[in-house]
Each structure stands twice: as C-alpha cells, then as structure tokens.
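Letter 175 of the sequence shown, counting from 1, is numbered 279 in our numbering, and no numbers are missing. Where is the CB? At the ideal position from N, CA and C, for every residue including glycine. Because the structure is a prediction, the values reported are computed rather than measured. Below you'll find the structure, written out as structure tokens, and then a few comments.
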Amino acid sequence: MTNWVNFNKLVDEIVIENNLSVNRPVVEKELLHYDILYALSSAGLLKTITFQGGTSLRLCYGSNRFSEDLDFAGGRDFSATDMHEIKDCIEKYIGNRYGLEVTVKESKELRKESKYADIKVDKWQISVTTSPEKKDLPRQRIKIEIANIPAYTQIPQILIKNYPQLPDGYSDLIIQVEDLNEIMADKIISFPAMTNYIRYRDMWDLVWLNQQSKKVYF
C-alpha cells in the first residue's frame, strides 16, 4: 500500500530548502519523474526498455539541467500493449501516492515529425492536477516517448537522489540507461532533423556532454 503524501507540501519543502521558488513547476515535474521511474521499476516494467535523453543525463549522470520528459528505447518488439500496462501502473501509483487526479493519454502529434518517419514511437502524455483547489492553474504535463529502436548500450546506473525529501527507496533504484556516448550520438543525429524550432535543451546537453570528456569518447 502506497503511503499518502501531500504533494504541494513536499514541493514547498524542496523549493524553500534549495531556493528554487522560481523553478517550482520544473521541481514538480522532476518529482513526478522520480515517481514514474520508481513505479515502473517496482512493477518490473523497465526491464525491457532503456532510459535515454536529457532526463537520463539529469537523474543518472548528474547533469545540472532540469529536464522535461522521459525518453526510452523500447527495442523492435515494443508494442502498444506494453504501453497500456505502463499507463495503468503510472495512474495507479501517482494517484494513490498523492491523491491527485492523473490521466495518461496517447499523443498522435509526434508521428508527424520528420525524424520519426521510419520508426514507430509510442508517445503518451501524463497530466496531473497538482493544485485541484486552484482551478486557474494548468495541470502538470509530462511526455513519455518509447521508440521501437534498440539501445546499443545498457549501463546499470543508480538513480541520483537530488532531494533528501524523497523516499529512501528511490535512491536504491538501478536503471538500465544508455551510456554517454550513445546519448550524445542520439542528440547529434536528431539535432539537425528538427527544422521547426531550435532545440536549446539539446544544445545545453551537448555542451555538458562535451565537458564530460573523460567519460565520452569521440
């Protein structure tokens, strides 16, 4: 049984302790990242997918950039059936932990992007009503993308616990994640494919990856 936690009180403690009041929305999002990864790991749903992208740099390798979404390589055999199991797991865990309204819906928009023309990507958006008493505030939204492409590296990494207020069990998680070289290659390949907007977050990540020169091999 998941112990109930007051989400807004937890966020208050973290932003005050770390002087992050102006970054409250991204702190909320990062807490939900931890919750989602913990829920999926506990249910055994991370065994066949590999964590990748900017959030993996933040939570597994110590990047200082707050991230937005959760990206995974699902392998050629990943199917929509797997995604529905992930959906149910997330809705149940976050709903029980915080007593908040949680919905997970499929998003069709990603399939229109040119860089995904030849691969199948399951993209889902998680919406959490973090302040139900304040109807004027938008819901917190996180996208989960799982592509049916293989990860060529799978490194077991301990999830970095950025806030002491998180449950002890969160720092015991070991997640399969792409190594820094493959993450960097993914970003270099995808960067020029996005012509509709400038990917500032990827630029930031590439600079950070370049600074990890002892770990990244060119």
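Query, Result
"Contact belief for Arg169 with Arg305 at Cβ below 8 Å, rounded distance in angstroms", "7 Å"
"Option in Leu277, Glu117 and Asp181 with minimal Cα separation from Leu263", "Leu277"
"Residues that DSSP places opposite Pro260 in a beta bridge", "Gln280"
"Contacting residues, own chain, Cβ-Cβ under 7 Å from Val131 (five flanking each side not counted)", "Val115, Ile118, Val119 and Leu124"
"CB of Tyr274 within 8 Å of CB of Tyr142, strictly", "yes"
"Cross-strand partners of Arg245 (DSSP beta bridge)", "Ser231"
"Every unbroken alpha helix (DSSP H) within the stretch 113-147, with a cutoff of 4 residues, ordered by chain", "128-146"
"Simplified DSSP assignment, three categories, for Val208", "strand"
"Nearest-angstrom Cα separation, counted from Glu237 out to Asp283", "42 Å"
"Candidates Lys133, Thr234 and Glu286, of which the one nearest Ala177 by Cα", "Glu286"
"Assigned secondary structure, Ile250 (DSSP; H/G/I helix, E/B strand, else coil)", "strand"
"Three-way DSSP call (helix, strand, coil) for Gln315 in this model", "helix"
"Check whether Leu270 and Met288 have beta carbons under 8 Å apart", "no"
"C-beta contact flag for Leu144 and Ile246 at 8 Å", "no"
"Member of Leu136, Trp108, Asn107 and Val126 whose CA lies at the smallest distance from the CA of Tyr267", "Leu136"
"Val206, buried or exposed, once every other Cβ within 10 Å from all chains shown has been counted against 16", "buried"
"Contact the stretch 146-162 vs the stretch 187-197: 3+ CB pairs below 8 Å", "yes"
"Through-space distance from Ser231 to Asn326, alpha-carbon basis", "What is shown of the chain runs 105 to 322, which leaves residue 326 out entirely."
"Cutoff 6 Å; reference Trp312; Cβ partners in own chain excluding five residues on either side", "Ser167"
"Beta-carbon gap between Ile279 and Phe155 smaller than 8 Å", "yes"
"Helix, strand or coil at Ala177 [DSSP, three-state]", "strand"
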